[in-house]
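In our numbering, the protein residues as written are 3 to 91.
So, in structure tokens, the structure goes:
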């Protein structure tokens, strides 16, 4: 896999010696990917480009538009018809 497409905080699947593990990329230095394993009990912390099997990019969530942003701690006013309940007799 090409290391140019891998960045920090991406998730990778690594095959080291026939063992598959998942990790979060910390940094890429000198053609070696440093990662934090997502599962306990894994002692490997680095992988070469050949050992990386899969890659998932970290993407940001869509930002709120100006109309969707809350105004501090002010509660959102609700329409009057939403507050009223029909009377049951």
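Glycine included, C-beta positions come from ideal geometry on N, C-alpha and C.
Please return the same chain residues whose Cβ sits closer than 8 Å to the Cβ of residue i, not counting the five positions on each side in sequence.
i          : result
residue 24 : 13, 14, 15, 16, 39, 40 and 41
residue 8  : 14, 27, 30, 35, 54 and 57
Here's a check: name, in chain order, each residue in its chain whose Cβ is nearer than 6 Å to the Cβ of residue i, leaving out the five neighbours to either side.
i          : result
residue 18 : 46 and 53
residue 30 : 5
residue 55 : 15 and 17
residue 44 : 23
Going by the CB atoms, is the gap between residue j and residue i shorter than 8 Å?
i          : j          : result
residue 34 : residue 10 : no
Check for me: the beta strand (DSSP E) holding residue i runs from which residue to which?
i          : result
residue 3  : Careful: residue 3 lies outside any beta strand (DSSP E) and carries neither H nor E.
residue 44 : Looking at the DSSP string, residue 44 is not in any beta strand (DSSP E), and its letter there is neither H nor E.
So residue i packs on residue j, CB below 8 Å; how close in whole Å?
i          : j          : result
residue 37 : residue 26 : 6 Å
residue 3  : residue 57 : 6 Å
With DSSP as the reference, identify every bridge partner of residue i, one or two as the case may be.
i          : result
residue 13 : 26 and 58
residue 53 : Per DSSP, none; premise fails for residue 53.
residue 35 : 30 and 49
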